[in-house]
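Working notes, structure below.
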Amino acid sequence: MAAPSAAVLAAFLGAGAPLAASTAAPGESAAGLAPAEAQALVREVSAAVEQLRGLKFKTPVQVEIVDGATARANFKARIDPSDEEQARNTQAAYVQLGLIPRGTDLITDYLNLAEKDVLGYYEHGRNAFVLLSHVSADEVKGVMAHELTHALEDQNYDLEAVSRQAKGDDDRATAIRAVVEGSATAVMIAYLSRNGGAKKAREELEKGESRRARRLKAAPSFTQRSLMLPYVLGFTFLLRGKPWEWHFDGMRIADIQQSYANPPRSTRQILHPEQYWVGRASAPVPALELPDLSRVLGPGWSRAATGSVGELGLAVLTGAPLDIDSPEVLLPARWTNKAASGVVADLYHHYVNGGQRVTLLVTRWETSDDAREFDEALLNRGQQLFRFGANVVVLAGDVGDRGEPLAVAALQGMQFWPTQ
81 MAAPSAAVLA AFLGAGAPLA ASTAAPGESA AGLAPAEAQA LVREVSAAVE
131 QLRGLKFKTP VQVEIVDGAT ARANFKARID PSDEEQARNT QAAYVQLGLI
181 PRGTDLITDY LNLAEKDVLG YYEHGRNAFV LLSHVSADEV KGVMAHELTH
231 ALEDQNYDLE AVSRQAKGDD DRATAIRAVV EGSATAVMIA YLSRNGGAKK
281 AREELEKGES RRARRLKAAP SFTQRSLMLP YVLGFTFLLR GKPWEWHFDG
331 MRIADIQQSY ANPPRSTRQI LHPEQYWVGR ASAPVPALEL PDLSRVLGPG
381 WSRAATGSVG ELGLAVLTGA PLDIDSPEVL LPARWTNKAA SGVVADLYHH
431 YVNGGQRVTL LVTRWETSDD AREFDEALLN RGQQLFRFGA NVVVLAGDVG
481 DRGEPLAVAA LQGMQFWPTQ
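With the working numbering as the guide, the letters of the sequence shown map in order to residues 81 to 500.
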């Protein structure tokens, strides 16, 4: 797990920002390892990771061992007030859109994850790998291989710079993180296969996904998918959507290199890998741009958050089922549905005025039929919907009688029909 950015607080997404300095408890150990033994094991696994990944470490990585409570405190320490306010506003937008239920507290859930579920994480700014003391003996080498891959790629690519290519687009950040976590997962599996055989690697992968699935059972579907996609579908994406080909070709270094040089631009490309790998990787993705609509809402209103939910979020809004316990979770097609496919771009704005809140979501589709299908499939029918050709506008919250003026203002200057 790469240490997450502030955007993670909104949906457990993002990667690369440094955490506050870790403080390992004196004599803390993981899997029966003393700190000196853990450092020796890091050197051993680092050499294997270099060989598997085809890159070289520029400086050795330091390891620290902390308990869950310390990890939680470290993650909490890096949340400044602006991050927390952004997360609360994004959370409110997700609630109004129907992505998560009322009462969800993403910040608390994020900290619970750090304390109870994370096995290790890499800190970009300190070139340090933090290992949680609750890691079992049979997991420690796999965890090290995964996190040391983050360290290796950070030293060679600068993961923070890679993440900045998202330019504040939540959905694009998720797609980029799928490359980062998918690569680390592939190296981990290759390492375990080399040292314990394919059966051992498969068992470790299944154990990790089973643990993650158990922890996520009670979480909203959007949270489940946001957490699992970078690991599960990131691995599949780097195999061009065909996870079974791992057994024949193993890790494809050239494809990982390409994905870093030209990262995927949306979760649509993760859910439909052929759109990245077959001819569309260099095609520009049209960006949606919306004006600040505070003036349309009236005095006292201000824009508090903006973002994109992508096809990943639109699939949730249209009821696409996903069994996170099924082996078919490795197949991208199981994560989406026809109603969410065909989206070109989306953008939401969240506005506040004291205790009042309004969320506006604009989606742009390949065809007007795609737009109609999305409109008809939306689960939350209590929202105000406006369809104009290949565009669908969703309005939620304290909209009142301002729905139509808001929708018209949002689409000013946009093409209505895909043939224009």
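Backbone N, C-alpha and C define an ideal beta-carbon position, used for all residues, glycine too.
If we call anything under 7 Å between Cβ atoms a contact, is residue i one with residue j?
i       : j       : result
Val-125 : Ala-231 : no
Arg-551 : Arg-461 : In the structure as shown, the chain starts at 81 and stops at 500, and residue 551 therefore has no counterpart that could be examined.
Leu-135 : Asn-236 : yes
Thr-347 : Leu-410 : no
Leu-179 : Val-396 : yes
Trp-415 : Leu-394 : no
Ile-336 : Ser-263 : yes
Pro-353 : Gly-321 : yes
Arg-152 : Glu-195 : yes
Ala-167 : Ile-187 : yes
Gly-314 : Glu-369 : no
Gln-492 : Leu-475 : no
Glu-173 : Ala-385 : Reading the sequence as shown, one finds Ala at residue 173 and not Glu. Contact flag set, yes.
Leu-351 : Pro-412 : yes
Tyr-356 : Gln-349 : yes
So residue i packs on residue j, CB below 8 Å; how close in whole Å?
i       : j       : result
Thr-443 : Asn-471 : 7 Å
Tyr-431 : Val-438 : 5 Å
Val-259 : Pro-343 : 6 Å
Leu-392 : Ala-489 : In fact, because the Cβ distance is near 27 Å, the residues do not count as touching under 8 Å.
Val-479 : Asp-426 : Wrong, their Cβ atoms sit about 18 Å apart, outside the cutoff.
Tyr-271 : Ala-127 : Incorrect: roughly 11 Å between the Cβ atoms, too far for contact.
Leu-132 : Val-267 : 5 Å
Tyr-201 : Val-210 : 5 Å
Ala-457 : Gly-469 : At roughly 18 Å, the Cβ-Cβ gap does not stay under 8 Å, so Ala-457 and Gly-469 are not in contact.
Asn-207 : Thr-139 : 6 Å
Please determine, among the options, the residue with the shortest C-alpha to C-alpha distance to residue i.
i       : options                            : result
Trp-445 : Val-423, Leu-458, Glu-456, Tyr-190 : Val-423
Thr-254 : Leu-309, Ser-216, Ala-264, Glu-219 : Leu-309
Asp-147 : Leu-179, Asn-192, Asp-481, Ala-127 : Asn-192
Glu-484 : Val-376, Leu-370, Ala-151, Asp-426 : Val-376
Leu-459 : Ala-420, Phe-155, Glu-203          : Ala-420
Leu-296 : Gly-314, Gln-464, Tyr-174, Ile-404 : Ile-404
Phe-466 : Asp-478, Asn-433, Leu-440, Leu-212 : Leu-440
Val-242 : Gly-434, Glu-130, Arg-482, Gln-338 : Gln-338
Gly-248 : Gly-205, Glu-408, Gly-387          : Gly-387
Arg-383 : Thr-170, Asp-185, Val-215, Thr-139 : Thr-170
Ile-269 : Glu-240, Arg-452, Glu-233, Val-312 : Val-312
Ala-217 : Arg-206, Gly-330, Ala-114          : Ala-114
Tyr-121 : Lys-138, Val-143, Thr-139          : In the sequence as displayed, the identity of residue 121 is Leu instead of Tyr. The candidate whose alpha carbon is nearest that of Leu-121 is Val-143.
Thr-398 : Phe-454, Val-358, Gly-330          : Phe-454
Ala-367 : Ala-246, Asp-449, Phe-468, Val-175 : Ala-246
Pro-379 : Ala-400, Val-358, Trp-326, Asn-433 : Asn-433
Gln-436 : Trp-381, Thr-447, Ala-400, Ser-448 : Trp-381
Gln-164 : Val-175, Leu-199, Asp-185          : The residue you asked about is not Gln; residue 164 is Glu in the sequence shown. Ranking Val-175, Leu-199, Asp-185 by Cα distance to Glu-164 puts Asp-185 first.
Under 7 Å between C-beta atoms, does residue i make it to chain C?
i       : result
Leu-199 : Reference to chain C is not applicable here, since this structure consists of a single protein chain.
Please list the segments of the alpha helix (DSSP H) lying wholly inside the segment 123-190, counting only runs of 4 or more residues, in order along the chain. Uninterrupted alpha helix (DSSP H) stretches at least 4 residues long and entirely within the segment 123-190 occur at 148-157, 161-177, given in chain order.
Whole alpha helix (DSSP H) elements within the segment 233-260, 4-residue minimum: Here the runs fully enclosed are 239-244.
For the segment 434-470, which segments carrying the alpha helix (DSSP H) assignment without a break, of at least 4 residues, lie completely within its bounds, in sequence order? Along the segment 434-470, the alpha helix (DSSP H) occurs as fully enclosed runs of 4 or more residues at 448-457, listed in sequence order.
Contact the segment 153-163 vs the segment 220-230: 3+ CB pairs below 8 Å: With a cut-off of 8 Å, the segment 220-230 and the segment 153-163 do not count as touching, because too few Cβ pairs lie within range.
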